[in-house]
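Contents: one structure, followed by commentary.
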Amino acid sequence: MHQFMVRPLFGEGAVHWYTPTNVTLWMGIAVLCTVLLLVMGTRGRAIVPSRIQSVAELAYGFVYKMVEDVSGRDGLKYFPYIMSLFIFIVFANFLGLIPGAFTTTSHLAVTGTMALAVFIGVTVLGFVKHGASFLSLFWITAAPLALRPILAVIEVISYFVRPVSHSIRLMGNMMAGHAVMKVFAGFAGVLGVGAVFPVVAIGAIYALEFLVAFIQAYVFAILTCVYLRDALHPHH
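Residue numbers (the working numbering): 287 to 522.
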């Protein structure tokens, strides 16, 4: 599991909150790629778009429709945040597939921070827009009256578990894929001539990881839209 270890970029020793590490390096590269795509790539706003502008426009349309379909028209106000979040996770996931790179989204500290930011943001938004009536999110009026208190407790628990599931889903999928590839790579080194199967398996898993890298960014973004919808429309 050494591929997931956080190490200082310069020298050895303990890692403090201010220490530049491999995590900060690859997060910085992901942020830079996001800026290059969304800002520099669309700066010209050409009628006949360049390749990078076409990619940015496709990503824009994809996330815009997702936010509109899931959160509603009033959710589009928060589209820039969800778009930035989605593109950052996509780049962080794909950069982690480069041999020798570090997958920042395989760390709970990274995914947990993003999930907690979403959780706090939508909760504050819900209370700001609806006040105490936001609590109606936990009171299921369609259920029989006797069951409502029990369901309310379940809804409260599931609500506060959201940042945990939101973050662990992304972290677990990214970590698992890299760990499996490392295991097959170990078999390839031991088997020698008989390493054909592990090498083929590594290729197949690597191709699958490209798909997983995008899907997990999509899942994180669409769950953010679902939580945003609950904050904007809390009534069952």
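For glycine and all other residues, C-beta sits at the position ideal for the given N, C-alpha and C.
From a predicted model like this one, the values you see are computed outputs, not experimental measurements.
Backbone secondary structure at P294 - three-state DSSP: Position 8 of the sequence shown, counted from the first residue, corresponds to residue 294. Note: P294 maps to strand in three-state DSSP.
T307 by DSSP, collapsed to three states: which one? Here the question's residue 307 lines up with position 21 in the sequence shown. DSSP places T307 in strand when its eight states are reduced to three.
Buried or exposed for R448, please, with buried defined as at least 16 other CB atoms from any protein chain shown within 10 angstroms of its CB. Along the sequence shown, read from residue 1 onward, the residue named residue 448 stands at position 162. Burial call: buried.
Count the CB pairs spanning the stretch 346-364 and the stretch 377-386 that are closer than 8 Å, and state whether there are at least three. no
Mind the definition here: the stretch 412-423 touches the stretch 345-355 only if three or more C-beta pairs lie below 8 Å; say whether that holds. no
In angstroms, rounded to a whole number, what distance separates the CA positions of S451 and C511? Numbered from its first residue, the sequence shown carries residue 451 at position 165. Numbered from its first residue, the sequence shown carries residue 511 at position 225. If you take the alpha carbons of S451 and C511, they lie about 15 Å apart.
G463, buried or exposed, once every other Cβ within 10 Å from all chains shown has been counted against 16: Stepping through the sequence shown from its first residue, residue 463 is reached at position 177. Label assigned to G463: buried.
Is DSSP giving P430 helix, strand or coil here? Numbered from its first residue, the sequence shown carries residue 430 at position 144. P430: coil per DSSP, three-state reduction.
Please state the DSSP three-state secondary structure of S336. Looking up residue 336 in the sequence shown gives position 50. Coil at S336, not helix or strand.
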